[in-house]
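Asker:
Number of protein chains: 2
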Amino acid sequence: MNFCSECAHPVSLAIPTGDNRPRYVCNHCGTIHYQNPKMVLGTIPVWDEDGDMRIMLCKRAIEPRHGLWTLPAGFMENNETTAEAAMRETVEEAGANIEVHELFSLLNVPHVHQVHMFYRATLLDLDYAAGIETLEVEMFAADEIPWEQIAFQTVSHTLRFFLEDHAARSNGNGGYGFHTMDILKPRPALVAADAG
Amino acid sequence: MNFCSECAHPVSLAIPTGDNRPRYVCNHCGTIHYQNPKMVLGTIPVWDEDGDMRIMLCKRAIEPRHGLWTLPAGFMENNETTAEAAMRETVEEAGANIEVHELFSLLNVPHVHQVHMFYRATLLDLDYAAGIETLEVEMFAADEIPWEQIAFQTVSHTLRFFLEDHAARSNGNGGYGFHTMDILKPRPALVAADAG
Ligand SMILES: [Zn+2]
Ligand SMILES: [Zn+2]
Chain A
1218 MNFCSECAHP VSLAIPTGDN RPRYVCNHCG TIHYQNPKMV LGTIPVWDED GDMRIMLCKR
1278 AIEPRHGLWT LPAGFMENNE TTAEAAMRET VEEAGANIEV HELFSLLNVP HVHQVHMFYR
1338 ATLLDLDYAA GIETLEVEMF AADEIPWEQI AFQTVSHTLR FFLEDHAARS NGNGGYGFHT
1398 MDILKPRPAL VAADAG
Chain B
1218 MNFCSECAHP VSLAIPTGDN RPRYVCNHCG TIHYQNPKMV LGTIPVWDED GDMRIMLCKR
1278 AIEPRHGLWT LPAGFMENNE TTAEAAMRET VEEAGANIEV HELFSLLNVP HVHQVHMFYR
1338 ATLLDLDYAA GIETLEVEMF AADEIPWEQI AFQTVSHTLR FFLEDHAARS NGNGGYGFHT
1398 MDILKPRPAL VAADAG
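Taken in sequence, the protein lines are chains A and B.
Going by this note's numbering, the first sequence opens with residue 1218, and the numbers climb by one from there.
Going by this note's numbering, the second sequence opens with residue 1218, and the numbers climb by one from there.
1. In chain A, which residues lie less than 7 Å from B/T1298 when you measure between Cβ atoms?
2. Would A/W1286 and A/A1368 qualify as a contact pair, given that the criterion is a beta-carbon distance under 8 Å?
3. Would you say A/A1311 reaches chain B, if we count a Cβ-Cβ gap shorter than 8 Å as a contact?
4. What does B/E1223 touch in chain A if you count any residue whose Cβ is under 8 Å from its own?
5. Spell out a yes or no on whether the segment 1316-1325 of chain B and the segment 1359-1379 of chain B are touching, meaning 3 or more CB-CB pairs, one atom from each, closer than 8 Å.
6. On the three-pair Cβ rule with 8 Å, is the segment 1249-1264 of chain A touching the segment 1306-1314 of chain A?
7. DSSP state of B/F1379, grouped into three classes?
8. Once you ignore the five residues that flank B/L1341 on each side, which residues in its own chain have a CB closer than 8 Å to its CB?
9. Please report the residue range of the beta strand (DSSP E) in which B/E1355 lies.
10. Kindly provide the chain-ordered list of residues whose Cβ lies closer than 6 Å to any non-hydrogen atom of ligand 1.
11. Can you find a C-beta in chain B that's less than 8 Å from the C-beta of A/K1255?
12. Would you give the residue range spanned by the beta strand (DSSP E) that B/A1311 belongs to?
13. Quick check: what's the CA-CA separation for B/V1159 versus B/G1291?
14. Indicate whether the contact test is met: 3 or more Cβ pairs, each with one atom in the segment 1340-1356 of chain A and one in the segment 1270-1278 of chain A, closer than 8 Å.
15. Flag A/F1378 as yes if its beta-carbon sits less than 8 Å from any beta-carbon of chain B, otherwise no.
16. Between the Cα of A/S1229 and those of B/S1222, B/I1232, B/F1395, B/V1257, spot the shortest distance and give me the residue it belongs to.
17. Between B/E1294 and A/G1247, what straight-line distance do the alpha-carbon atoms span, to the nearest angstrom?
18. Is A/P1227 buried or exposed, if buried means 16 or more other CB atoms sit within 10 Å of its CB?
19. Check whether the Cβ atoms of B/H1250 and B/M1218 lie closer than 8 Å to each other.
20. Give me the DSSP bridge partner(s) of B/D1265.
21. State yes or no: is the C-beta of A/H1416 within less than 8 Å of the C-beta of A/M1398?
22. With a CB to CB cut of under 7 Å and the five nearest residues on each side skipped, what residues in its chain are close to A/P1363?
23. Leaving aside the five residues before and after A/H1396 along the sequence, list all residues of the same chain whose C-beta is less than 6 Å from its C-beta, in chain order.
24. Could you tell me which chain A residues have their CB closer than 8 Å to the CB of B/H1318, listed as they occur along the chain?
25. Run down chain B in chain order and give the residues with a C-beta less than 9 Å from the C-beta of A/G1235.
26. If you drop the 5 nearest sequence neighbours on each side, which residues of the same chain put their C-beta closer than 6 Å to that of A/P1239?
27. Taking all protein chains shown into account, decide if B/H1333 is buried (16 or more other Cβ within 10 angstroms of its Cβ) or exposed.
28. Measuring only the C-alpha atoms, how far is B/E1361 from A/L1288?
29. Kindly indicate the opening and closing residues of the beta strand (DSSP E) around B/M1334.
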């Protein structure tokens, strides 16, 4: 950020009165330009035919992680709820007709200023079609998930949580839970200690 | 938003190629300035002495809702997790020493572009002190909650969910759950119908 979006004068990093961290502050009109984390919302779209359960994944047509597989997900927009954002992204990326269920996972990714959330969802039919940000949409059985080609850690952890809950549920040992996790970047001090 | 924060030229509302909604786009450098919902994080700080349970509320010293009561909460910052944000806000607003537990509630407030989340928390002592955004910090028993003077609907719903779960738990009928809710503004059409 170089200029004030209100008055076009230059901004500087400064700690405003009563605040405790540097913000971009306009040198002319005094507007404080806060920067906050963003939410990424998605679904785990499932098709279950007589216990033969498959999960929808999308192959990314865009950077980052072009060509790798993800659950349908994207940035939440103003004026929508988390569930509406998850539904919209699933329609945009996979052309999928779904029913959205409960929130299933919430994962913090603080070093990129993001919180990722995934809802469980049921596919209403198999008439899906890749959107413009997707190369290919495919349904995967539990033992077919391409673990080495998953685009994001938040997606692989969510898939793992889901398959664990699904297996427990199939065995009569519980239902789907709500899972939280923090994806922390390895800290320099720890990396140095490991290397030493 | 009037000007580009990168190059200081005027911005216009336009739908970028491949997008489906208006964004502020710079007429000079082409930067698209996305605007996304913000997260508000807080805690439900509890002191329980031999079953005599009390909840901490803060009387707001700032607008909006100056003089009304809230759970300690505020905007999540970059570079922190949701739990860290909830802890920080509780320290800043109430000077409270807490242990943060599980995420308890997530409430959408789409008309103000916010998602509110509250963590359950245990007070480690009663050495709290109002921060600069707080007039007064007080501990309330379940039957003392000032329901008519709660600052935000997300807070009153979270308190209600919490007291329901706490009562069920005390009676051996379950534990603390995870609760989601959408706070939707009454829609003009519905208001008109009610008035007719
Ligand atoms: Zn300015
Ligand atoms: Zn520009």
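Heads up, the beta-carbon is just placed ideally off N, CA and C, and yes, glycines get one too.
Answerer: To lay it out plainly:
1. Neighbours of B/T1298 on chain A, chain order: N1325, P1327, D1399.
2. Yes, the pair counts as a contact, with Cβ atoms nearer than the cut-off.
3. No, its Cβ sits nowhere closer than 8 Å to a Cβ of chain B.
4. Under the 8 Å cutoff, chain A gives M1218, N1219, F1220.
5. Yes, they touch.
6. The segment 1249-1264 of chain A and the segment 1306-1314 of chain A touch, with no fewer than 3 CB-CB distances between them shorter than 8 Å.
7. Of the three classes helix, strand and coil, the one that applies to B/F1379 here is helix, per DSSP.
8. Within the same chain, and ignoring the five residues on either side of B/L1341 in sequence, the residues whose Cβ sits closer than 8 Å to its Cβ are N1314, I1315, E1316.
9. Its beta strand (DSSP E) spans residues 1351-1358.
10. Every residue passing the under-6 Å Cβ criterion appears here: A/C1221, A/E1223, A/C1224, A/H1226, A/C1243, A/H1245, A/C1246, A/T1248.
11. Using a CB distance cut-off of 8 Å, A/K1255 counts as an interface residue toward chain B.
12. No beta strand (DSSP E) contains B/A1311, which is instead part of the alpha helix (DSSP H) from 1299-1311.
13. It is not possible to answer for residue 1159 of chain B, since the shown part of chain B is limited to 1218 through 1413.
14. Output reads yes: the segment 1270-1278 of chain A touches the segment 1340-1356 of chain A.
15. Chain B, which has no Cβ nearer than 8 Å to the Cβ of A/F1378, makes this no.
16. Looking at the Cα atoms, B/S1222 is the closest of the given residues.
17. Taking the straight line from one Cα to the other gives about 20 Å.
18. The residue is exposed, with fewer than 16 neighbouring Cβ atoms inside 10 Å.
19. Yes; because the gap between Cβ atoms is below 8 Å, this pair is in contact.
20. According to DSSP, B/D1265 bridges with B/M1270.
21. Residue 1416 of chain A cannot be examined here, being either before or after the span of chain A that is shown, 1218 to 1413.
22. Exclusion of the five residues before and after A/P1363 leaves W1286 as the residues of its chain whose Cβ lies within less than 7 Å of its Cβ.
23. Contacts found: S1322, F1378.
24. Chain A residues near B/H1318: none, gap ~11 Å exceeds 8 Å.
25. In chain order: I1349, E1350.
26. Sequence-distant Cβ neighbours of A/P1239 in its own chain, meaning closer than 6 Å and more than five residues away, are L1230, I1232.
27. Buried is the call here.
28. Taking the straight line joining both Cα atoms gives about 46 Å.
29. In this chain, the beta strand (DSSP E) harbouring B/M1334 covers 1331-1340.
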